[in-house]
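The block underneath contains the structure these notes are about, expressed in structure tokens.
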Amino acid sequence: MTERPSPSPATTYRDDAFDGRPEPLPPVRFAYDAHTWKEIAHLLLNLPAALLGFVYVTTVLFTGFGLTVTVIGFPLLAAGLMGARKLGALERWRARKLLGVRIDEPSPLPLRARNAGFFQKLWMMLKDPVGWRTVLYDFIRLPWGILTFTVTLTSLFVLWPVLPYLARGLTNADRAMVRGLLSPSDELERRIAELESDRGVVVDTAAADLRRIERDLHDGAQARLVNLAMGLGLAKEKLLEDPEYAQAMVAEAHGEVKLALQELRDLARGIHPAVLTDRGLDAALSSVATRCTVPVKVTADLDSRPAAAIEGIAYFTVSELLQNISKHSGARSASVEVWRSGDRLLIQVWDDGRGGARLDGGTGMRGLAERLDAVDGLFVIDSPEGGPTTVTAELPWRDRSQDAQHR
């Protein structure tokens, strides 16, 4: 009978293992490694950091409270809360460097808003939740800073064998305090920051659209109308002297009028096509698909029309994607599908081209993604090299009746 070998010091056996193969133990780690020394350094720095925060809170903020009966009390209190934000940023930095705690920075107060007056900005600073939570953090930290400094310093000389365990337990409490009091307020605050960023995208997009319309008018229809006016003026002068020449110039001016009208129609279609307003998204997408150089199959499964703004974004998204297919894809066929799923409008544009489309490949795709993100939409590209390419866009659904009520 063969005896089962006894495990070596570096291996052990699982009770539920049927084959008897040894499972290696976790690697041995020195207790006083770099991570432990960072935790010890953090605990020793707790006392000076807590003293700084406590002195600041008691001096600046309590002084501000005491002077609220005067004119300077509230501004001083507001300035103290803004300074508390700086102390909170310092503590978050210390936690990142020494404890490895990754905490997002809270969004700044919108104090540079154009329409915000002095008292509105003052009230915004006085009710700042980030500043008040930092004040609470600094106020309660002094006893904790004294405790952690004393225990850590004593353990370095007396209890050094168990100091790594003490350091880990004490710094876990520090991590909990930093996360609980110095992290961004909640999902609402992060949402506000996203909306502020989206508002900037919308403003930039609107400004770019206005510049494009101005450029198209200046270089297209406006130039033709100027030539038309000059031609009609010359024809008027030649009307009695050379009627045949004047007639030829009027005919040429008539052609210029037709071209100018066509350019104005194209420009109006680029702003908001009449077919979209009159007949809805299905007819408008079918119309734009006919201008694509690739055969496009359009399928729209909508039992009602969304709000005009959502409908317009959906139209221009598909229009831009079909233009990209015409110019860059090398595809032989394409399809557009639009449908509603719950409170979302879904768009999927597919082509069998060469693929390789990316968000960072140019300003077109990135611009579409930014526009959809600005209205809580999504933009996803699946385009491997060699194709096919599938672009999925998602927009929030808002009924046209609700849109009319908001107006």
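Mapping to this note's numbering: the sequence shown position 160 is 204, numbers consecutive. Every residue, glycine too, gets a C-beta built ideally from N, C-alpha and C.
Alpha-carbon spacing of residue i relative to residue j, whole angstroms
i              : j                 : result
alanine 428    : isoleucine 184    : Inspection of the sequence shows that residue 428 is occupied by proline rather than by alanine. C-alpha separation (whole angstroms): 55 angstroms.
tryptophan 167 : phenylalanine 118 : 9 angstroms
leucine 412    : aspartate 347     : 26 angstroms
glycine 97     : leucine 120       : 17 angstroms
glutamate 67   : arginine 223      : Caution applies to glutamate 67, whose pLDDT of 46 falls short of 50 and renders its modelled position unreliable; the value that the coordinates give is listed next. C-alpha separation (whole angstroms): 37 angstroms.
threonine 103  : alanine 352       : 56 angstroms
leucine 284    : arginine 410      : 59 angstroms
leucine 200    : proline 440       : 59 angstroms
arginine 138   : threonine 361     : 45 angstroms
isoleucine 193 : leucine 134       : In the sequence as presented, isoleucine is not what sits at residue 193; that position holds phenylalanine. Approximately 19 angstroms, taken between the alpha carbons.
glutamate 288  : glutamate 281     : 12 angstroms
lysine 130     : isoleucine 354    : 41 angstroms
proline 92     : aspartate 148     : 24 angstroms
threonine 436  : isoleucine 425    : 7 angstroms
aspartate 404  : aspartate 443     : 33 angstroms
leucine 203    : glycine 189       : 19 angstroms
alanine 418    : valine 294        : 50 angstroms
glycine 386    : glutamate 438     : 12 angstroms
arginine 136   : threonine 321     : 52 angstroms
valine 101     : glycine 132       : 12 angstroms
valine 145     : alanine 217       : 12 angstroms
serine 52      : threonine 196     : Caution applies to serine 52, whose pLDDT of 41 falls short of 50 and renders its modelled position unreliable; the model cannot decide the point.
tyrosine 359   : leucine 422       : 15 angstroms
valine 332     : alanine 220       : 56 angstroms
threonine 434  : alanine 401       : 10 angstroms
alanine 279    : asparagine 271    : 12 angstroms
arginine 415   : arginine 376      : 28 angstroms
glycine 430    : glycine 399       : 5 angstroms
isoleucine 369 : proline 432       : 11 angstroms
glycine 275    : alanine 292       : 10 angstroms
valine 99      : asparagine 90     : 14 angstroms
For residue i: DSSP bridge partner residues
i             : result
arginine 388  : Ser385, Pro440
threonine 114 : DSSP lists no partner for threonine 114.
threonine 434 : Trp394, Asp426
serine 330    : Note: serine 330 sits in no beta bridge, so no partner.
Coil, strand or helix - residue i by DSSP
i             : result
valine 72     : Residue confidence is low: valine 72 scores 43 on pLDDT, short of 50, so the model does not pin down where it sits. No coordinate-derived value is stated.
threonine 343 : strand
proline 350   : strand
serine 151    : coil
valine 41     : Here the chain has residues from 45 to 451 only, and residue 41 is not among them.
valine 380    : strand
proline 187   : helix
lysine 171    : coil
leucine 131   : helix
arginine 410  : helix
leucine 325   : helix
aspartate 182 : helix
threonine 103 : helix
aspartate 286 : coil
threonine 80  : helix
glycine 161   : coil
proline 228   : coil
proline 208   : helix
glycine 399   : coil
alanine 375   : coil
glycine 15    : Since the first residue shown for the chain is 45 and the last is 451, residue 15 is missing from the structure and cannot be characterised.
valine 270    : helix
Residue closest to residue i, alpha-carbon to alpha-carbon, out of the options
i              : options                        : result
lysine 341     : Ala217, Leu105, Ser379         : Ser379
glycine 356    : Ala93, Gly161, Leu389          : Leu389
glycine 108    : Leu91, Leu95, Met126           : Met126
leucine 153    : Val195, Leu143, Val174         : Val174
arginine 335   : Glu149, Gly431, Leu366         : Leu366
leucine 207    : Ala85, Gly400, Ala344          : Ala85
lysine 371     : Gly397, Arg384, Asp387         : Gly397
threonine 215  : Gln291, Lys141, Gln392, Thr436 : Lys141
serine 151     : Lys165, Val145, Asp172         : Asp172
proline 187    : Leu422, Gln392, Leu95          : Leu95
glutamine 392  : Gly400, Gly374, Ser363         : Ser363
threonine 343  : Pro350, Glu381, Asp322, Val332 : Glu381
leucine 180    : Phe106, Thr198, Leu191         : Phe106
leucine 226    : Gly161, Thr337, Ala128, Arg415 : Ala128
proline 339    : Gly275, Ser373, Val319, Lys165 : Ser373
isoleucine 116 : Thr198, Phe163, Asn90          : Phe163
proline 228    : Thr178, Ala292, Asp345, Asp286 : Thr178
lysine 302     : Arg323, Leu269, Ala292         : Leu269
arginine 384   : Arg349, Asp395, Trp394         : Arg349
Closer than 7 angstroms: residue i CB and nearest the ligand SAH heavy atom
i                 : result
phenylalanine 201 : Within the structure as shown, the ligand SAH is missing, as the structure has no ligands at all.
Below-8 angstroms beta-carbon distance, residue i vs any chain D residue
i           : result
leucine 416 : In the structure shown, chain D cannot be found, because there is only a single protein chain.
Assess, as a yes-or-no matter, whether the segment 98-113 is touched by the segment 121-133 under the definition of 3 or more beta carbon pairs within less than 8 angstroms. The segment 121-133 is in contact with the segment 98-113.
At least 3 beta-carbon pairs within less than 8 angstroms: the segment 203-215 vs the segment 78-90: Taking 8 angstroms as the limit for Cβ pairs, the verdict is that the segment 78-90 does touch the segment 203-215.
Could you tell me whether the segment 287-305 touches the segment 320-335, where touching means 3 or more Cβ pairs closer than 8 angstroms? Here the segment 287-305 makes no contact with the segment 320-335; the two share fewer than three CB pairs at distances below 8 angstroms.
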